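Single-structure report; data block below.
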DNA sequence: CGGGAAACCTGCAGGC
DNA sequence: TGCCTGCAGGTTTCCC
């Protein structure tokens with residue numbers, strides 16, 4: 025679920041709550057969520073460290089810790105990070121919890137057990153293969169166009185590829201492709217420079233709008249205080265099969281592209 | 001490199 | 001009410 029706008033929102037919410045806090049204890053309720061180091065060593069390696077930075081890279085949360093370690097969290101489809109009182113009910117899907125020196129707990133909740141945490145010396149070993157950040161100031165339309173050199177696959181799977189471009193998921197790819205009036209099965213190398221410029225603008229517009237709305241809550245996504253995002257009210261095509269296209273009134277269809285449920289307006293997108 | 005399918009998991013909606 | 005099937009916003013891996 026969480027894509028770039030959701031992770032950005034979580035990062036913005038967490039930073040004032042976590043910056044400067046010391047981790048005083050760790051509870052691992054399900055060892056499988058610790059990708060590295062060994063789950064048995066995770067607590068010993070992290071307890072006592074101070075949270076010095078809270079950042080985002082792609083869909084990953086990046087916590088810079090004292091003593092040269094970095095904690096990274098990938099929420100995958102159903103993960104959330106909650107800041108809770110230790111007395112709050114544990115909940116059967118809480119996989120990991122960090123006790124903080126202000127008495128609160130940072131809890132990693134994950135219904136489907138896909139989310140992972142990484143504690144590493146060099147964050148590059150986790151984020152090193154990611155593509156560029158679409159919202160970075162220095163990421164211009166020419167940089168975007170250059171990504172398409174020698175790419176011959178369908179556009180949607182390409183945009184979902186995190187090594188191509190970091191942060192887009194199923195929802196925002198569909199929304200951006202609708203806004204750019206492009207069919208998700210179009211081959212990357214058939215897009216004109218003008219179409220690529222339109223897609224570049226659409227991706228950035230969609231992401232910025234969703235961040236302004238604090239993300240899209242359809243099923244699992246909630247902010248660290250339990251609040252929902254608001255962008256589900258502004259989705260133009262995603263999940264709206266059978267409803268009228270907001271631009272032309274044609275009926276929105278659902279297809280499968282690259283194995284993913286895909287929503288398009290069959291009249292606007294070619 | 002491209003594309004499809006399966007795998008990792010659990011919960012929920014829909015059909016009967 | 002209960003059972004069964006299919007589906008889910010992410011990512012990796014295997015296979016052709």
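In this note's numbering, the protein residues as written are 25 to 294. Even for Gly, the Cβ is constructed at its ideal location relative to N, Cα and C. Given the structure is predicted, the values throughout are model-derived calculations rather than measurements.
Run through DSSP, which three-state label would residue i get?
| i | result |
| --- | --- |
| residue 68 | helix |
| residue 168 | helix |
| residue 108 | strand |
| residue 149 | helix |
| residue 178 | strand |
| residue 252 | coil |
| residue 219 | helix |
| residue 287 | strand |
| residue 31 | helix |
| residue 124 | strand |
| residue 39 | helix |
| residue 187 | coil |
| residue 237 | coil |
| residue 209 | coil |
| residue 225 | helix |
| residue 257 | helix |
| residue 194 | helix |
Tell me whether residue i is buried or exposed, calling it buried when 16 or more other Cβ atoms sit within 10 Å of its Cβ.
| i | result |
| --- | --- |
| residue 126 | exposed |
| residue 203 | buried |
| residue 275 | exposed |
| residue 98 | buried |
| residue 8 | Residue 8 cannot be examined here, being either before or after the span of the chain that is shown, 25 to 294. |
| residue 249 | exposed |
| residue 139 | buried |
| residue 236 | exposed |
| residue 119 | buried |
| residue 148 | exposed |
| residue 108 | buried |
| residue 78 | buried |
| residue 28 | buried |
| residue 226 | buried |
With which residues is residue i paired in a DSSP beta bridge?
| i | result |
| --- | --- |
| residue 268 | 275 |
| residue 118 | 133 |
| residue 98 | 84 and 140 |
| residue 1 | Given a span of 25 to 294 for the chain in the structure shown, any question on residue 1 remains unanswerable. |
| residue 89 | 75 |
| residue 47 | 124 |
| residue 103 | 134 |
| residue 242 | Note: residue 242 sits in no beta bridge, so no partner. |
| residue 232 | None; residue 232 has no bridge partner. |
| residue 60 | 142 |
| residue 281 | 284 |
| residue 52 | 120 |
So the candidates are the options; which of them puts its Cα closest to the Cα of residue i?
| i | options | result |
| --- | --- | --- |
| residue 173 | 195, 214, 147 and 190 | 214 |
| residue 67 | 86, 79, 80 and 93 | 93 |
| residue 224 | 51, 192, 65 and 241 | 192 |
| residue 48 | 249, 39 and 72 | 72 |
| residue 111 | 123, 104 and 100 | 123 |
| residue 166 | 252, 39 and 222 | 222 |
| residue 35 | 81, 263 and 184 | 81 |
| residue 26 | 102, 65 and 151 | 102 |
| residue 286 | 273, 266 and 271 | 266 |
| residue 189 | 153, 108 and 44 | 153 |
| residue 159 | 290, 292, 288 and 32 | 32 |
| residue 65 | 78, 50, 76 and 75 | 50 |
| residue 83 | 69, 196 and 130 | 196 |
| residue 133 | 146, 144 and 115 | 115 |
| residue 163 | 42, 95 and 228 | 228 |
| residue 74 | 113, 270 and 45 | 45 |
| residue 219 | 121, 288 and 293 | 293 |
| residue 261 | 137, 184, 207 and 282 | 207 |
| residue 209 | 168, 288, 171 and 117 | 288 |
| residue 199 | 171, 233 and 178 | 233 |
| residue 63 | 42, 157 and 141 | 141 |
| residue 144 | 252, 69 and 57 | 69 |
| residue 182 | 211, 205, 170 and 146 | 211 |
| residue 59 | 171, 131, 150 and 246 | 150 |
| residue 277 | 263, 43 and 76 | 263 |
| residue 42 | 180, 175, 54 and 105 | 105 |
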